[in-house]
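J.: Pasting a structure here, questions to come.
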Amino acid sequence: MIEYFISGIFQGIFEWLPVSSEGITILTLNFFGLKTIDILDLSLFLHLGTLLASLFYFKKDWQEIILLKNKRLFNFLLKSTFVSLIVGYPLYKLIKSFILGKIFLLIIGVFLIITAFLNKSKTRKKISEKILPFLAGFFQGLSVIPGLSRSASTFFALSFSDLSLPEILKISYLMSAPVIFAACFYILIQSHLFFNLSVFLSLIFSFLVGLSTLDFLMKMSRKINFFYFCLFFGLLSILGFFLS
């Protein structure tokens, strides 16, 4: 049972960081020799805990989105979610190795560092606001590949905008909710993971740790500038590549 607790804690920490929480969960479960369930499904299903943490932390934003009081953000999430599902579902069905995700993690780390220095030199590249949700959704869809961090992918895509650092983090975390809900619902239909007491307890750990980590990162984002943000997460992505 210890592997479920550790996986839940790791999910709560690494969901918000540019190190693949799925990849880390898979490595953890493999280390403990878990063979009775589909490890990839469990690694994706554990996102439900951090999904609940995101919904709770951003409850005011979600209320505005659901009630259509913030139509701009509603449209952004609608477009990005559509693209993420179109890209992510076929990849989920075709995944057979973890190597590709590691390569993408390295590439995104390098791109984040490049973006950091471009921003510092006042040549920060910006894309159209109409294209941004599709670009962010595309990169989020790719993150179904174990080893490729969803946070790193969306941070990179959203960095090509006029958004402030706290806004980049918030939108990235809000983007995760619809696709994680869809993935968890699909897995719930296909398996009996939800009725496993160990999995249920790991979700609780994922929620509690995820909520604390999310609160820390959002507070930190208000104290550092865009350059240090991209540089830090870029280096962390590259470190994740070598540790994967």
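Residue numbers (our numbering): 5 to 248. Ideal Cβ positions, reconstructed from N, Cα and C, are used throughout, including at glycine.
(1) Can the beta-carbon of Leu-50 be found less than 7 Å from the beta-carbon of Leu-109?
(2) How many angstroms separate the CA atom of Lys-74 from the CA atom of Ile-6?
(3) Can you tell me which of Ile-28, Leu-55, Thr-29, Ile-30 puts its alpha carbon nearest to the alpha carbon of Ala-187?
(4) Give the range of the alpha helix (DSSP H) segment to which Ser-157 is assigned.
(5) Go ahead and pull the three-state DSSP assignment for Val-91.
(6) May I ask you to report which of helix, strand or coil DSSP gives Ile-191?
(7) Can you tell me the Cα-Cα spacing of Lys-174 and Ile-242, whole angstroms?
(8) Please list the terminal residues of the continuous alpha helix (DSSP H) segment that includes Lys-213.
(9) Taking buried to mean at least 16 other C-beta atoms within 10 Å of its own C-beta, is Gln-15 buried or exposed?
(10) Classify Glu-171 as buried or exposed, calling it buried when 16 or more other Cβ atoms lie within 10 Å of its own Cβ.
(11) Can you give me the C-alpha to C-alpha distance between Ser-132 and Ile-69, rounded to a whole angstrom?
(12) Give me the Cβ distance between Ala-120 and Leu-218, rounded to the nearest whole Å; I'm assuming they're in contact under 8 Å.
(13) Drop a sphere of 10 angstroms on the beta-carbon of Pro-94, count the other beta-carbons inside from all chains shown, and report buried for 16 or more, exposed for fewer.
(14) Note the first and the last residue of the continuous alpha helix (DSSP H) segment covering Ser-241.
T.: The structure says:
(1) no
(2) Per the sequence shown, residue 74 should be read as Asn rather than Lys. Cα to Cα, the separation comes out at about 42 Å.
(3) Leu-55
(4) 154-162
(5) helix
(6) helix
(7) 23 Å
(8) Just to set this straight, residue 213 is Val in the shown sequence, not Lys. Segment 201-225, the alpha helix (DSSP H) holding Val-213.
(9) buried
(10) exposed
(11) 22 Å
(12) With 8 Å as the limit, Ala-120 and Leu-218 do not qualify as a contact, their Cβ atoms being about 23 Å apart.
(13) exposed
(14) 230-247
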